[in-house]
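Numbering (mature numbering (1 follows the signal peptide of the UniProt record, and there is no 0)), first residue to last: -20 to -1, 1 to 99.
Below is one structure, written out as structure tokens, with a few remarks after it.
Following this line, the structure appears as structure tokens:
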């Protein structure tokens, strides 16, 4: 029993410098702001009655499996490459997040006038 505890303590002590080194990498103000906006959008989408449950499940799973920093960084990269996308449009950003996360993309409601009339 003492040997097991000693080995566990030794492995934690050896891993601590690596964890501490990674934790000292501070995000920039822009990265923090982007992460805040991304989290706000994700929470709004999860609480929305207009977002399909399949999309919510995909977004939640993505947030569970990935860091918020990684998701926000990928989203910022897409926006950086596609300048024509309005950064202030939450629907556009939600679609980007759904694509990044592999969540089912919500389909737009089709207008009855666009549907061909049956015979």
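Idealized CB from N, CA, C, for every residue including glycine.
Alpha carbon to alpha carbon, how far is residue i from residue j?
i	j	result
residue 17	residue 87	23 Å
residue 62	residue 74	15 Å
residue 65	residue 5	30 Å
Could you work out which residue in the options is closest to residue i when comparing CA atoms only?
i	options	result
residue 81	60, 50, 10	50
Quick check on residue i: buried or exposed, where buried means 16 or more other Cβ atoms within 10 Å of its Cβ?
i	result
residue 27	exposed
residue 14	buried
residue 25	buried
residue 22	buried
So, using beta-carbon positions, are residue i and residue j closer together than 9 Å?
i	j	result
residue 83	residue 39	yes
residue 11	residue 56	yes
Can you list, in chain order, the residues of its chain with a C-beta nearer than 8 Å to that of residue i? Leave out the 5 residues immediately preceding and following it.
i	result
residue 85	35, 75, 78, 79
Identify, in the order they occur along the chain, each residue of the same chain with its Cβ nearer than 7 Å to the Cβ of residue i, setting aside the five sequence neighbours on each side.
i	result
residue 31	25, 86
Going by beta carbon distance, what residues of the same chain come within less than 6 Å of residue i, once the five residues before and after it are set aside?
i	result
residue 42	81
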